[in-house]
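Numbering (my numbering), first residue to last: 3 to 318.
C-beta: ideal position from N, C-alpha, C; glycine also.
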């Protein structure tokens, strides 16, 4: 079943999605800054700022058809319901609407999140479509396009104006697009704002080796040093010591790699822990371990699918 889900799509089903590369354009209400102008792109057909690149993607109909072919009994359900019993939809500070879902394929359940602009036509339909596509990626559907999109974050061209964007160094981590709305600071320490709610902007030298960082997260399970034991003894209101900076940085990094948007991070953590969490400052060490385990499981699932794809098509 997994191979059928991950099978490449016919080129006829692949479309071009514009992604704005100018930060000022993204922040602008009209999605264009004074340095650029909007026009109809000859590649994707959208009326968009010239400062954009293109990513390959497959639409909702193609993804739905793939799911039906593999598992005719596939299903989805919202993670939460509102007071009227309808799927719960939240609104981010920058005006986007967000809905979390559970996608069930072949008896396996995985999370997905849909997000659309507040002015979108057929809001509910678009939310469902986006959430299903997002969750389907966790099963490997169109994963080859998703991986390709990451690579395209490096050298790119503003197609409408032919302005080349400076490539990132090969050693730099690929960062997914993030919303740039201000992060509420009330009750949130500066470290939390950097390590969770904001995209990862630390230099590489600020981090230890990734494996060492993961190991530091799990050290809270077995306090083998006096300092660790003293920290764990200083219990907070949730019955555990506050999450360490390394834990919160690891959560932020994993969320970056999984392309979980800034506005959706609190919802992800809240779902995993079964309680409402607004910021990383509210996490205990034990809770951080739980969140990391879920994120690592999601990442390993995607990495495994990507590795399998590379092996399947290595000889082509």
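Supposed close pair residue 265, residue 98 - CB separation, criterion 8 Å: 6 Å
Based on the DSSP output, what are the partners of residue 77 in its beta bridges? 106
Counterpart residues of residue 16 in DSSP-defined beta bridges: 60
Give the DSSP-derived three-state secondary structure of residue 54 in the structure shown. strand
Is it buried or exposed for residue 111, if we count other Cβ within 10 angstroms and need 16 for buried? exposed
Tell whether a beta-carbon distance below 8 Å holds between residue 87 and residue 101. no
Please go through the same chain and pick out, in chain order, the residues whose beta-carbon is closer than 8 Å to the beta-carbon of residue 262, but skip the five residues on each side of it. 115, 270
Inter-residue Cα distance where the pair is residue 71 and residue 107: 11 Å
Can you check DSSP and say which residues form a bridge with residue 114? 103
With 16 other Cβ atoms within 10 Å as the buried cut-off, status of residue 3: exposed
Looking at residue 56: is its Cβ nearer than 8 Å to the Cβ of residue 23? no
Taking the beta carbon of residue 32 as the centre, do at least 16 other beta carbons fall within 10 Å, making it buried, or is it exposed? exposed
If we ignore side chains and look at the alpha-carbon of each, how far apart do residue 249 and residue 290 end up? 6 Å
Do the region 6–21 and the region 37–55 touch if we need at least three Cβ pairs shorter than 8 Å? yes
Give a single yes or no on whether residue 300 has its beta carbon closer than 7 Å to a heavy atom of the ligand GDP. Although the ligand GDP was asked about, the structure shown includes no ligands whatsoever.
Determine the DSSP secondary structure at residue 30, reduced to helix, strand or coil. coil
Helix or strand or just coil, what does DSSP make of residue 21? strand
CA nearest to the CA of residue 143, picked from 66, 127, 246, 47: 66
Grab me the residues of residue 151's own chain with a C-beta within less than 6 Å of its C-beta, minus the 5 sequence neighbours each way, in chain order. With a pLDDT of 49 at residue 151, under the threshold of 50, the modelled position of this residue cannot be trusted; read the value that follows with caution. These residues qualify, in order along the chain: 57.
Is the beta carbon of residue 146 closer than 8 Å to that of residue 10? yes
CB residue 15 to CB residue 60, shorter than 8 Å? yes
Pull up the distance between the alpha-carbon of residue 83 and that of residue 103, whole angstroms please. 10 Å
Would residue 292 and residue 275 qualify as a contact pair, given that the criterion is a beta-carbon distance under 8 Å? yes
In DSSP terms, what residue 42 is bridged to: 49
So is residue 77 buried or exposed if we call it buried at 16+ other beta carbons inside 10 Å? exposed
Threshold first: 4 residues or longer. Then list the alpha helix (DSSP H) segments lying entirely within the region 264–311, N to C. 264–275
Name, in chain order, the residues that DSSP records as bridge partners for residue 89. 83
Work out the CA separation of residue 302 and residue 12 for me, nearest whole Å. 27 Å
Nearest to residue 130 by CA position, among 63, 109, 73, 95, is which residue? 63
Sequence-distant residues of its chain with Cβ nearer than 6 Å to residue 5 (five each side left out): none
To the nearest angstrom, how far is the alpha carbon of residue 38 from that of residue 119? 22 Å
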